[in-house]
Amino acid sequence: FFAPFTGHAMFTTKGNTEDVYGELCELLVAGGYYRAQIKGLTPFDKIAGGLAWGIQSSREAIDVDFVEDANIGQKIKIGENIEAALHNMKCPHPLAAHQIQGLDYPQLLPVLQWLMKVVETTREENRRSMQVYADLCFKRSFGKYPGYEEPKFAAPAIPTRVFKRQNAHERFQSEEDHVLSVLLEYGQKSQLLAEVGDEEDEDDWGANEKLLELEEAELDKLLARMGAYKASQKLAGKDVSAAMARDQKSIDRYSEIFRAKEELLRIEREREEEARNASLRLQTRIEDLKHEIEAQTRLLDQVQGEFDAVQQELASATKAMEKAERRNNKIVAEIERVGGSLDPKRQAALKTLEGLVRGNE
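Numbering-wise, the working numbering puts 461 at position 134 of the sequence shown, and it's gapless, one number per residue.
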């Protein structure tokens with residue numbers, strides 16, 4: 328009646344299953360898969376889609392084609408592809424294709440929790456990579472412009488000479504003497520003695536004490552052949568003058584090279600400044616032309632509106648004139664028809680009326 332314990336109960340009630348399903352949906356939404364909020368989707372679509380989305384967000388390839396109202400075979404195929412992708416990602420929690428198809432929520436929960444952690448880690452890696460790339464692009468684009476300051480780094484630790492050998496031309500008797508001499512020149516005596524002292528053992532205290540005495544004797548011999556080193560003793564004034572006299576040609580040549588480089592840098596800065604000013608002038612001219620075009624466009628729209636109004640008035644006047652002309656023609660024709668049967672006095676009145684009608688035209 329009891330199955331082996333695998334991290335969750337084998338048999339769960341309906342209420343517990345719904346709770347786990349709700350927790351899975353909340354986990355997907357919190358991770359960024361907002362499709363799990365759509366109420367019209369089936370649980371398989373939400374869970375399988377969330378798993379596929381998490382795998383792709385973790386930069387792992389997966390070949391999944393979702394089908395609406397998929398049958399059992401199609402669901403198992405989708406589950407197999409997801410299972411293979413999780414295996415390639417070395418998921419620590421086992422998950423089979425039939426568990427995805429059957430929506431085994433207790434088995435899906437640890438897998439989805441681990442997958443969301445991987446997604447978050449991948450996002451952080453992408454963020455850091457994009458930040459480094461953005462900094463690099465910014466330095467390439469704006470590193471030469473004025474106002475940009477290069478990041479300041481701490482000065483490297485430069486060793487300081489404490490002693491100097493008096494007889495630098497003499498060869499050392501052994502490599503150990505050479506090493507000790509070089510270290511002593513930079514004040515490493517106390518460190519050497521400390522290293523020897525750290526290796527002491529209480530049982531061999533006498534032997535180590537003799538070793539220390541011999542070591543100190545050797546160091547004293549080396550120090551005797553060295554004198555205190557001062558910065559003023561590096562080169563005398565006459566040595567510097569002689570060196571400058573010998574290398575005057577080299578100094579002149581390097582000076583010319585330096586001046587030529589300075590001139591090239593000055594020309595390059597002037598060209599950059601001219602190009603920047605020309606770009607600003609061109610941008611200003613473009614803005615002015617845009618404003619002028621907008622003003623001309625508004626004026627054209629206004630003139631077009633007035634022209635359309637005049638055209639309408641002209642069409643109305645033309646229609647009225649044609650109508651009046653037809654009416655006058657009818658009146659003249661009627662006068663001519665009636666005038667033949669009247670006496671001369673009335674004919675004269677009709678002639679006057681006809682003249683008025685034609686004058687009205």
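Glycine included, each C-beta is placed from N, C-alpha and C at the ideal position.
- In this structure, DSSP gives M457 a helical state, which the three-state scheme calls helix.
- In the structure shown, N656 adopts helical secondary structure according to DSSP, grouped into three states.
- Sixteen is the threshold: since fewer than 16 other Cβ atoms of the shown chains lie within 10 Å of the Cβ of N415, the residue is exposed.
- Using a Cβ distance threshold of 8 Å, A412 and I427 do not count as a contacting pair.
- Contact between L378 and I409 holds: their C-beta atoms lie close to 5 Å from each other, under 8 Å.
- Between the segment 348-356 and the segment 431-444, the count of Cβ pairs shorter than 8 Å is three or higher; the stretches touch.
- CA-CA distance, Q401 to M457, rounds to 38 Å.
- Taking a C-beta distance under 8 Å as the contact criterion, E350 and L435 do not qualify as a contact pair.
- The C-alpha of I365 is placed about 25 Å away from the C-alpha of R386.
- A direct Cα-Cα distance of roughly 16 Å separates R664 from G682.
- By the C-beta density criterion, S643 is exposed, having fewer than 16 other C-beta atoms within 10 angstroms.
- By the Cβ neighbour-count rule, A375 is buried, with 16 or more other Cβ atoms within 10 Å of its own.
- H425 and G367 have their C-alpha atoms spaced approximately 24 Å apart.
- Distances from the alpha-carbon of T448 to those of A397, D504, I382, E614 put I382 closest.
- Take A397, set aside five residues on each side of it, and the residues of its chain with a beta-carbon closer than 8 Å to its own are F371, I405, in chain order.
- Look at E640 here: in three-state DSSP terms it is helix.
- Rounded to the nearest whole angstrom, the CA to CA distance from H618 to L463 is 38 Å.
- The alpha helix (DSSP H) runs of length 4 or more contained entirely in the segment 594-643 do not exist; there are none.
- Buried is the label assigned to G358, since at least 16 other Cβ atoms lie within 10 Å of its Cβ.
- A Cβ-Cβ distance of about 17 Å is found for the pair W380 and Y348, leaving them out of contact under the 8 Å criterion.
- By the criterion of a C-beta distance shorter than 8 Å, R450 is surrounded in its chain by S384, once the five residues flanking it on both sides are discounted.
- Note on Y432: 16 or more other CB atoms within 10 angstroms of its CB, so buried under the neighbour-count rule.
- Per DSSP, reduced to three states, the secondary structure at P419 is coil, with no helix or strand assignment.
- Taken atom to atom, the span from the alpha-carbon of P486 to that of L439 is near 56 Å.
- Look at R586 here: in three-state DSSP terms it is helix.
- Residue range 370-384 is occupied by the alpha helix (DSSP H) that includes G376.
- DSSP, reduced to helix, strand and coil, places Y348 within a helical segment of the structure shown.
- Distance from the CA atom of R596 to the CA atom of K373, rounded to whole angstroms, is 60 Å.
- At a Cβ-Cβ threshold of 8 Å, L641 and I662 do not count as neighbours.
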